[in-house]
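Q:
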Amino acid sequence: MKHKKKEFGLILFMSLVYLFLYMPIFVIIMYSFNRSGDNLTFQGFTLHWYKEVFGGDPLFSNLWLSIKLAVVSTVISCMLGIFATIGTYRYEFKLKKYINGLLYIPLVIPELVIGLASLAAFTKMGMKLGFATLVFSHVTFCLPFVIITLRARIADFDSSLEEAAMDLGSNQWSTLRRVTLPLLAPGILSGAFMSVTLSIDDVIISYFVSGAGQITFPVKVYGMVRGKISTNVYVVSTLMITGCILFYLIYMFIMRQWTKRIRDN
Numbered sequence: 374m375k376h377k378k379k380e381f382g383l384i385l386f387m388s389l390v391y392l393f394l395y396m397p398i399f400v401i402i403m404y405s406f407n408r409s410g411d412n413l414t415f416q417g418f419t420l421h422w423y424k425e426v427f428g429g430d431p432l433f434s435n436l437w438l439s440i441k442l443a444v445v446s447t448v449i450s451c452m453l454g455i456f457a458t459i460g461t462y463r464y465e466f467k468l469k470k471y472i473n474g475l476l477y478i479p480l481v482i483p484e485l486v487i488g489l490a491s492l493a494a495f496t497k498m499g500m501k502l503g504f505a506t507l508v509f510s511h512v513t514f515c516l517p518f519v520i521i522t523l524r525a526r527i528a529d530f531d532s533s534l535e536e537a538a539m540d541l542g543s544n545q546w547s548t549l550r551r552v553t554l555p556l557l558a559p560g561i562l563s564g565a566f567m568s569v570t571l572s573i574d575d576v577i578i579s580y581f582v583s584g585a586g587q588i589t590f591p592v593k594v595y596g597m598v599r600g601k602i603s604t605n606v607y608v609v610s611t612l613m614i615t616g617c618i619l620f621y622l623i624y625m626f627i628m629r630q631w632t633k634r635i636r637d638n
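In this note's numbering, the protein residues as written are 374 to 638.
#1: DSSP three-state label for N544, please.
#2: Suppose you measure from the CA of F504 to the CA of V445; what does that come to, to the nearest Å?
#3: Taking only three categories from DSSP, how would you classify F648?
#4: Considering only the beta carbon of each residue, do C451 and G616 sit closer than 8 Å?
#5: How big is the Cα-Cα spacing for R634 and T496?
#6: Could you give the distance in angstroms between the alpha-carbon of V486 and the alpha-carbon of C515?
#7: How would you write the range of the alpha helix (DSSP H) that V576 sits in, first residue to last?
#8: Count the other CB atoms, across all protein chains shown, that sit within 10 Å of the CB of L442; report buried if there are 16 or more and exposed otherwise.
#9: Does the structure place the region 394-412 close enough to the region 571-581 that three or more beta carbon pairs sit under 8 Å?
#10: Check this for me: beta carbons of R550 and T458, under 8 Å apart or not?
#11: So within the region 435-518, which uninterrupted alpha helix (DSSP H) runs reach at least 4 residues, ignoring any that extend past its ends?
#12: The ligand FMN and M500: does any heavy atom of the ligand fall closer than 7 Å to the residue's C-beta?
#13: Report the rounded CA-to-CA distance for L420 versus M403, giving the unit in angstroms.
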């Protein structure tokens with residue numbers, strides 16, 4: 374009897390936790406179909422706001438900019454992260470420990486400081502604020518997360534596989550492409566997933582380094598919070614939630630297939 378009470382209490386507690394976490398998401402999705410535009414009461418189901426967004430609402434262009442920014446910064450972060458991880462983990466050189474420390478500095482510095490520092494640096498160099506400055510800044514704070522993920526993967530890496538490939542006549546580039554990168558693929562995917570999430574979610578850094586006509590979706594929504602929030606914000610947010618869920622399902626499918634392939638081999 375006591376065991377059943379504890380089990381019921383645990384289920385009730387976890388249900389309340391999940392309700393607290395996901396209720397705001399459900400509210401956003403529900404109000405994206407709201408017939409009323411005041412966002413105060415739900416007055417019926419409609420697809421009018423979705424038609425308006427896909428018909429050329431400016432918020433859609435802001436969302437598209439955020440997606441492009443996330444993809445570009447993630448690709449660059451993963452490429453730099455792969456070589457930085459392999460170089461700092463496998464090879465010994467002077468100032469290695471200092472370089473390792475510098476790689477993790479963006480993790481402990483507040484985003485406000487990174488945003489201000491980036492703005493000051495771009496202004497000093499005479500760079501025009503725009504997509505390039507957004508990419509550079511996002512790579513700066515996404516790269517450490519990619520490196521951390523890859524280091525966790527490379528720590529369990531069996532270097533004898535690379536040595537065997539080299540003994541069979543493979544050069545360093547071929548070994549990297551056919552042996553090292555495939556074995557690091559789960560870590561690369563995990564780092565990419567984290568980088569995309571961080572980039573799309575960022576507000577503070579993007580606020581400082583975005584130029585005219587280069588306003589990301591989170592920054593746009595942040596500016597709209599001060600006044601009346603349009604129902605189209607809920608629509609675009611719902612599309613983002615759907616995209617994130619699909620992206621996560623694809624990621625889990627790839628990881629499951631990859632794990633199954635390793636077990637079969």
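All C-beta atoms, glycine included, are put in the ideal place defined by N, C-alpha and C. Model, not experiment: these values are computed from the prediction.
A: Here's the rundown:
#1: coil
#2: 10 Å
#3: Missing from the structure shown is residue 648; the chain here goes from 374 to 638 and no further.
#4: no
#5: 50 Å
#6: 15 Å
#7: Where V576 is concerned, there is no enclosing alpha helix (DSSP H), given that its DSSP letter is neither H nor E.
#8: Label assigned to L442: buried.
#9: At 8 Å Cβ cutoff, the stretches do not touch.
#10: no
#11: 469-481 and 484-498
#12: Absence of the ligand FMN from the depicted structure is noted, as is the absence of any ligand whatsoever, leaving it without description.
#13: Here the alpha carbon of L420 sits roughly 11 Å from the alpha carbon of M403.
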